[in-house]
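Inspection log for the structure reproduced underneath, given as structure tokens.
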Amino acid sequence: MTGPQRRRPPRDPEAYKRDRRQAVLRHHPDKGGDPDEMLRALEEVDRRHGVLPRMSPEATPSAEQVAALAVTVLAGAAAVGLSVATALLGRRR
Numbered sequence: 242m243t244g245p246q247r248r249r250p251p252r253d254p255e256a257y258k259r260d261r262r263q264a265v266l267r268h269h270p271d272k273g274g275d276p277d278e279m280l281r282a283l284e285e286v287d288r289r290h291g292v293l294p295r296m297s298p299e300a301t302p303s304a305e306q307v308a309a310l311a312v313t314v315l316a317g318a319a320a321v322g323l324s325v326a327t328a329l330l331g332r333r334r
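Position one of the sequence shown corresponds to residue 242 (the working numbering), numbered consecutively onward.
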């Protein structure tokens with residue numbers, strides 16, 4: 242995967258500012274909204290206004306990379322589980 246990509250200026254700055262403001266007012270945690278939903282809404286505004294560049298095929302992970310990451314995560318989780326089980330069984334003796 243590549244590093245962070247540069248943001249482009251919005252096609253219509255006034256509409257972009259208005260849409261971002263509406264998304265923040267609708268989803269801000271201080272107004273009872275969900276922070277994750279606010280971030281998703283802001284990303285959607287950025288996409289609609291062309292601020293975020295589209296992901297290039299080189300920037301997206303391949304199926305092999307995703308599978309390798311999944312195997313690594315599962316192996317790590319299994320190792321932690323085995324370590325905890327060993328520690329718990331060791332205390333019983």
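Even glycine gets a Cβ: it sits at the ideal position worked out from N, Cα and C.
Between the Cα of residue i and the Cα atoms of the options, which residue gives the shortest distance?
i    : options                   : result
L283 : L293, A311 and A264       : A264
R288 : A326, D253, V325 and L329 : D253
Roughly how many whole angstroms lie between the Cα atoms of residue i and residue j?
i    : j    : result
H290 : P251 : 5 Å
L310 : A316 : 10 Å
K258 : V292 : 12 Å
V307 : G273 : 35 Å
E255 : R249 : 15 Å
D275 : V321 : 32 Å
P302 : R332 : 43 Å
Decide if residue i is buried, meaning its Cβ has at least 16 other Cβ atoms within 10 Å, or exposed.
i    : result
V286 : buried
D260 : buried
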